[in-house]
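Engineer:
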Amino acid sequence: MNILSLRGIKGGVGTTTLVANLAAAMRRMGRTVIVVDLCNDNLLRLLFSMPFADTAGWAPRLLAGDCALEAGYRSETGIHLLPFGRIDRQGLDRLNAMINQDPHWLAAMLQPIDLPADSWLLLDCPVQNSALTQQAEALADQRLQVINAEPGCYALLAQQDVMITHNPAAAPNRLLINAFNPQRELDRNLHDLMRLENSDSLAPVVIHQDETLREAFACMQTATDLAPQCQAVQDLQILATWLFAQVVRKHRAA
């Protein structure tokens, strides 16, 4: 099983939408995919048509002393989702305390998942450099940090303390530009700067800004299901192919 973590450099860069649509692209290409929502905003589920009023998830089950994996949900397109669920502030504090006390907590929760070698586990990580985020990235075979070609992301990239380099044993961190608009001069200029200054870590794929992604979210589904020929879906299929190739390259080098 291949584990991929995705984390935004800041909020609002489109990480959750990207996770769902990348999972759909991988599934469309014949892979078994499980997606785990590690963000307490509990939004990832909506992209897989999980009812808005459904509060089930791994976090409330865990706090109730039940098996977290029993909160699994299967979309109509065959993607397996483990939603975060809805908990209050007190529950979130209890959950964070549990995770902080055990550096291997996430690995233990996910350990019972037994999938074929070519399957994928996608982790939608919180922006904050929390214990949960660090554990997720330590587990990952590949890591993507989602950025936009905009001034805020560019400024954060220049601040090395926000980069995900806290665990030297973790997989290399790749930067993925999302919501890129080639019609905007500023997007093009910042893309060129990011490519120049981060040539070793920038993913070779750019996800273009595509209104279909927003429309699909509003319809509680992925763009792959709503409009498989749109630009963003084509980009995500290229990204998935590149990720698959990284696994092959790693195995050949081993």
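Each residue of the sequence shown is one higher than the one before, starting from 0 at the first, in numbering that gives the first Met the number 0.
Ideal Cβ positions, reconstructed from N, Cα and C, are used throughout, including at glycine.
For A154 and G64, I'd like the C-alpha separation in whole angstroms.
Structural biologist: 43 Å
Engineer: Cα separation between P203 and A222?
Structural biologist: 22 Å
Engineer: Going by C-alpha distance, which of A52, A70, Q89, F216 is nearest R60?
Structural biologist: Each of A52, A70, Q89, F216 was checked against the Cα of R60, and the nearest Cα belongs to A70.
Engineer: Report the residue from Q220, Q233, P227, C38 whose alpha carbon sits nearest the alpha carbon of I206.
Structural biologist: Q233
Engineer: For a quick check, are the C-beta atoms of T15 and L37 less than 7 Å apart?
Structural biologist: no
Engineer: Could you give the first and the last residue of the continuous beta strand (DSSP E) run that contains N172?
Structural biologist: 172-179
Engineer: Quick one, are the C-beta atoms of D209 and Q182 less than 7 Å apart?
Structural biologist: no
Engineer: Which ranges would you report for the beta strand (DSSP E) in the segment 87-157 if only whole runs of at least 3 residues count?
Structural biologist: 119-123, 141-146
Engineer: Could you tell me which residues DSSP puts in a beta bridge with I53?
Structural biologist: Note on residue identity: the sequence assigns Asp, not Ile, to residue 53. Per DSSP, none; premise fails for D53.
Engineer: What's the C-alpha gap between M242 and N99?
Structural biologist: Per the sequence shown, residue 242 should be read as Leu rather than Met. Roughly 31 Å between the two C-alpha positions.
Engineer: Less than 7 Å separating the beta-carbons of D186 and N177?
Structural biologist: no
Engineer: So which of A23, N172, A58 has the shortest CA-CA distance to R88?
Structural biologist: A58
Engineer: Can you tell me whether DSSP reads N39 as helix, strand or coil?
Structural biologist: coil
Engineer: Is N1 helix, strand or coil by DSSP?
Structural biologist: strand
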